[in-house]
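Undergrad: Pasting in a structure now, in structure tokens, and then I'll have a few things to ask.
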Amino acid sequence: MHLYNTLTRQIEPFSPLSDGIVRMYSCGPTVYDVAHLGNMRAFVFVDLLQRALRAVAGYRVRWVMNITDVDDKTIRDSAVGSARWRAPMGEQSDDLRANLRAYTMFFEEEFKRDLQVLGIRMDHFEAMPRATDYIDEMQHLIREIVRSGFGYASEGSVYFNVGAYAQSHSYGRLFTIDTANFREGVRIDADEYDRESVSDFVLWKGRKDSEPYWDFEIDGESLPGRPGWHIECSAMSKELLGLPFDIHTGGVDLRFPHHEDELAQCCAGYHVADQARFWMHNEFLEVEGKKMSKSLGNFYTLRDLEAMGHDPLDIRFALMLGSYRAVLNFTFESLRAAATARGRTQNLIWDLMDSASITESVDLGGAMPEDVAAAFADDLNVPQALARTYEYCARNSDARTDAVKAREVLGALQRINDVLAVWTFTTRPTIDVPANVRDLADQRWTARTAKDWSEADRLRNELASLGWSMKDGKDSYTLQPLS
RNA sequence: GGUCCCGUGGUAGAGUGGCUAUACAGAGCUCUGCAAAAGCUUGUACAUCGGUUCGAAUCCGGUCGGGACCUCCA
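Okay, so the first sequence: first residue is 142 according to the working numbering, each after it adds one.
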């Protein structure tokens with residue numbers, strides 16, 4: 142496979158460090174709310190990537206995605222009396238860490254549900270570590286960074302000394318940083334912590350009143366507090382995958398500062414040259430041509446779209462219609478188009494199963510068409526892979542009436558679906574038809590067989606008024622509810 | 001202020017220095033009592049102005065437009 146590497150700003154041939162095994166770390170969600178479309182794009186992207194590594198390149202994938210369950214927002218929203226506290230989270234207590242855990246567990250479960258309805262398999266993950274379960278490891282790393290001269294404590298917090306680090310390391314490997322032109326922004330002014338330099342970032346945040354905290358001792362000094370944002374990924378990726386691992390993923394916004402700082406922490410504290418060999422970042426999503434935001438009214442969660450009647454797999458499909466490295470314009474028209482296109486191929490699959498007399502889900506052991514595999518292998522070019530897939534189906538349209546060919550095409554589609562995961566190879570779902578509808582349909586079929594067209598048309602209209610459409614086949618009919 | 005992307009047909013969206021995806025929508029045809037399904041065919045596309053070149057939508061530059069990032073947003 143060839144993958145774009147943010148580290149080198151180019152597409153490079155990819156092969157794992159360990160023979161046949163890819164170690165991949167994906168920055169996961171901060172569980173303070175349910176996932177929105179933008180998050181979903183990121184997760185669908187990494188899922189496609191890890192599936193392609195398995196199904197196209199044949200690697201085993203050790204996939205880790207973290208759960209950030211401690212940060213400003215989770216602390217704010219889990220605080221006693223928070224309006225965002227929900228009944229299913231249980232009762233709030235005096236134990237602030239227990240409150241934080243209850244709050245974040247709720248959204249962690251939501252998140253996992255969202256992943257699964259989007260076709261992401263939980264058994265594809267090796268681990269989904271929570272930040273708060275790795276406090277010891279983070280503290281160890283912080284001590285090591287400080288001991289190595291790249292960190293300092295100040296007013297109860299611990300900071301990473303970017304200036305010192307940059308003396309002996311390269312800082313700005315994932316992102317071109319122009320320190321001289323840092324904009325004087327509100328975020329910098331708003332930071333209440335005391336850093337020596339604006340470019341320094343926090344490793345450990347000193348305890349504030351009414352916030353959950355963990356004890357921490359460094360150089361004999363007691364510094365109760367909580368971990369900074371970047372430290373968790375450094376510690377957990379090292380613990381679970383070892384350094385350096387093969388691929389680190391996240392949204393483009395994470396290139397800087399998050400990933401740059403993660404990388405620096407690993408190099409400074411674990412004394413490695415690299416945290417990961419490949420860094421891959423998915424571009425953002427726009428909705429109806431605009432950046433998704435609550436104020437524009439184009440902000441959607443997966444739940445929102447489901448409530449509007451959209452199938453999550455159509456959403457998954459719509460999210461993979463563009464290259465992961467380009468801004469994707471999600472529109473309801475493109476969602477409809479995705480639904481239609483996905484449904485047509487699904488229908489083809491069912492027709493082929495009929496043609497091949499396959500009545501249950503079975504792996505036919507097919508092979509992915511080479512041009513489709515090549516497209517996936519070319520930096521995960523899903524649009525190209527889809528185009529080749531459609532052409533493959535068109536080329537083999539006679540499979541609908543050729544049992545042998547039907548098996549072959551089905552086998553190929555199964556391999557393609559190992560990556561896309563948008564179709565099903567189980568039998569065509571049976572639709573419950575009310576007895577009266579079935580009765581009318583039978584009557585119409587009789588009339589039609591007798592060439593009594595006016596009666597047949599009358600009965601079709603009657604069926605339509607009951608909400609059903611009747612489609613005549615060669616020697617039988619099918620009924621479908623009108624949508 | 002700085003760094004960097006992007007502008008492709010009605011829509012979404014690949015790709016590429018000459019052979020011009022793909023999908024949805026539209027049009028036509030085949031099939032069908034009609035319809036549906038399915039299949040086939042099909043169109044006006046590469047923001048703009050210059051330059052390089054035998055040839056550019058593809059490379060370079062200007063312009064216009066859109067966007068991202070610049071310290072906890074995927």
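Yeah, the Cβ is synthetic: ideal placement off N, Cα and C, and Gly gets one too. Note that the structure is a prediction, hence the values are computed from the model and not measured.
Using a threshold of 7 Å, is the CB atom of L581 nearer than that to any non-hydrogen atom of the ligand NAD?
TA: What this structure holds is no ligand at all, so the ligand NAD is not there to describe.
Undergrad: Kindly indicate the opening and closing residues of the beta strand (DSSP E) around V343.
TA: 342-347
Undergrad: Can you check which of these residues, M279, G507, A528, is closest to A516 by C-alpha distance?
TA: A528
Undergrad: From this set, T500, L315, A482, which residue's C-alpha is nearest E474's C-alpha?
TA: Taking only the C-alpha atoms, the option nearest E474 is A482.
Undergrad: Which term fits F155, buried or exposed, when burial requires 16 or more other beta carbons within 10 angstroms of its beta carbon?
TA: Buried, because 16 or more other Cβ atoms sit within 10 Å of the Cβ of F155.
Undergrad: For the beta strand (DSSP E) holding P170, just list the boundary residues, first then last.
TA: Unbroken run through P170: none, as it is neither H nor E.
Undergrad: Using only alpha-carbon positions, find the residue among V175, F357, D543 that is nearest to P124.
TA: Only positions 142 to 624 of the chain appear in this structure, which leaves residue 124 out of reach.
Undergrad: When DSSP labels each residue in this structure, what does E325 get in the three-state scheme?
TA: Low confidence applies here, because E325 scores a pLDDT of 42, under 50, leaving its location unreliable; read the following figure in that light. Note: E325 maps to coil in three-state DSSP.
Undergrad: Would you call the region 559-573 and the region 486-497 in contact, with 3 or more CB pairs under 8 Å?
TA: yes
Undergrad: Could you have a look at V163 and say whether DSSP puts it in helix, strand or coil?
TA: Strand.
Undergrad: Of all the options G297, S223, R192, W226, which has the alpha carbon lying nearest to the alpha carbon of M263?
TA: R192
Undergrad: Cutting at 6 Å between CB atoms, please list the residues of its own chain near V428, excluding the five before and the five after it.
TA: N439, F471
Undergrad: Here's the rule I'm using: 16 or more other beta-carbon atoms within 10 Å means buried, otherwise exposed. How should I372 be labelled?
TA: Label assigned to I372: buried.
Undergrad: With 16 other CB atoms within 10 Å as the buried threshold, where does D213 fall?
TA: Label assigned to D213: exposed.
Undergrad: From A85 to N423, what distance separates their C-alpha atoms?
TA: The question about residue 85 has no answer here: the residues shown for the chain are numbered 142 through 624.
Undergrad: Where in the region 239-316 do unbroken runs of the alpha helix (DSSP H), each at least 4 residues long, occur, reported from the N-terminal end onward?
TA: 276-288, 303-309
Undergrad: Would A414 be called buried (16 or more neighbouring beta carbons within 10 Å of its own) or exposed?
TA: exposed
Undergrad: Assess, as a yes-or-no matter, whether the region 398-417 is touched by the region 437-454 under the definition of 3 or more beta carbon pairs within less than 8 Å.
TA: no
Undergrad: Looking at C-alpha atoms only, which residue of D559, D593, G608 is the closest neighbour of R579?
TA: G608
Undergrad: Roughly how many angstroms separate the alpha carbons of K346 and I286, rounded to a whole number?
TA: Those two C-alpha atoms are separated by around 15 Å.
Undergrad: Using 10 angstroms around the beta-carbon of Y275, count the other beta-carbons present and answer buried if the total reaches 16, otherwise exposed.
TA: Under this definition Y275 is a buried residue.
Undergrad: Rounded to the nearest angstrom, how far is the Cβ of V303 from that of S338, given a contact under 8 Å?
TA: The Cβ separation is near 7 Å, so the contact holds.
Undergrad: Quick check on E427: does DSSP put it in helix, strand or coil?
TA: strand
Undergrad: Determine whether the beta carbon atoms of C168 and L395 lie at a separation below 8 Å.
TA: yes
Undergrad: Within its chain, find whatever has a CB closer than 7 Å to the CB of V185; leave out the 5 residues flanking it on each side and keep chain order.
TA: L259, R457, L460, M461
Undergrad: Can you tell me whether V563 is helix, strand or coil according to DSSP?
TA: coil
Undergrad: By DSSP, does W226 sit in helix, in strand, or in coil?
TA: coil
Undergrad: Which residues bound the alpha helix (DSSP H) around W355?
TA: Taken as a continuous stretch (DSSP letters only), W355 belongs to no alpha helix (DSSP H), as it is neither H nor E.
Undergrad: Going along the chain, which residues of its own chain have a beta-carbon closer than 7 Å to the beta-carbon of L505, five neighbours each way excluded?
TA: R548, L551, G552, Q555
Undergrad: Tell me whether N558 is buried or exposed, calling it buried when 16 or more other Cβ atoms sit within 10 Å of its Cβ.
TA: buried
Undergrad: In three-state DSSP terms, what is E362?
TA: In the three-state DSSP reduction, E362 falls in the strand class (E or B).
Undergrad: Excluding the 5 residues flanking T530 on each side, which residues of the same chain have their C-beta closer than 7 Å to its C-beta?
TA: Cβ neighbours of T530 beyond the five flanking positions: V513, I557.
Undergrad: Excluding the 5 residues preceding and the 5 following I329 in the sequence, name in chain order all residues of the same chain whose CB lies nearer than 6 Å to its CB.
TA: Legend: pLDDT at I329 = 40, less than 50; position of this residue unreliable, no value from coordinates given.
Undergrad: Take Y173 and list the residues in its own chain whose beta-carbon comes closer than 6 Å to its own, dropping the five residues that flank it on each side.
TA: K214, T215, D218
Undergrad: Ends of the beta strand (DSSP E) at W388?
TA: Note that residue 388 is Ile in the sequence shown, not Trp. Looking at the DSSP string, the run of the beta strand (DSSP E) that includes I388 is 386-392.
Undergrad: Less than 8 Å separating the beta-carbons of R541 and L158?
TA: Their beta carbons are not under 8 Å apart, which means R541 does not touch L158 by this criterion.
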